[in-house]
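With the sequence shown counted from 1, adding 6 to any position gets you my numbering.
All residues carry an ideal CB built from backbone N, CA and C; glycine is no exception.
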Amino acid sequence: MERSIGIVEFRSIAMGIGAIDTIVKTSDVRILDAKTICPGKYYIIFAGSVSAIKSAAQAVGEQYGDFIIDLGELNNVYPEMFYAVSQTSEVKKWGAIGVIETMTSPSVLKAADAAIKATDVELVEIRIARALGGKNICILTGDVSSVKESVRVGIKYAQKKGFLVDWQVIPSPHKDLYRAIL
């Protein structure tokens, strides 16, 4: 059962493409996404069991460590994480908006995972580095106090690794903002 996600970002496109082969040959995982991103980087997102993700991350780290910018393993992820990495989620009830902006794709996924586990917020979307100058964003919604706490918790990993660009909490967004971010 796929309950974990692995993500790795490379400074080399060629090495990133080669790493896909290593990942799928060493572990029982499914590639969710793999693409070139700005500026001249490559990322791979893969899903599987906790042990399969750990095994794949270890194998790719050993073989391609010199080319890896960031590598993340997310265990026991909520189902909405699987949707959010490929499209905008359907929001049940809009509220305050929280935005977390990072420099790496693993750091934005870790931020999103921590944020949605911290409080009762909805994950609107995760945008990974395409047409963003290599940056990544996670957008959340919920009541003001929950969004503030989720953003506070979510930014910790990115801050610790030096990959946090910025964050924002909009407590009472205008209705046009909701349409604009979808």
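Residue i and residue j closer than 8 Å at C-beta
i	j	result
I75	E15	yes
I19	Y48	yes
S156	V127	yes
D34	A58	yes
V159	A120	yes
I50	G22	yes
Between the CA atoms of residue j and residue i - distance to the nearest angstrom
i	j	result
S151	Q174	13 Å
V56	A164	22 Å
L38	A65	18 Å
K162	E131	19 Å
A63	A90	21 Å
K6	G46	As shown, the chain starts at 7 and ends at 188. That puts residue 6 outside it, with no answer to give.
R36	I103	32 Å
K31	K116	25 Å
P177	M109	25 Å
W100	Y184	8 Å
Identity of the residues DSSP links to residue i by a beta bridge
i	result
T147	I103 and E128
G78	I13
Q174	V105
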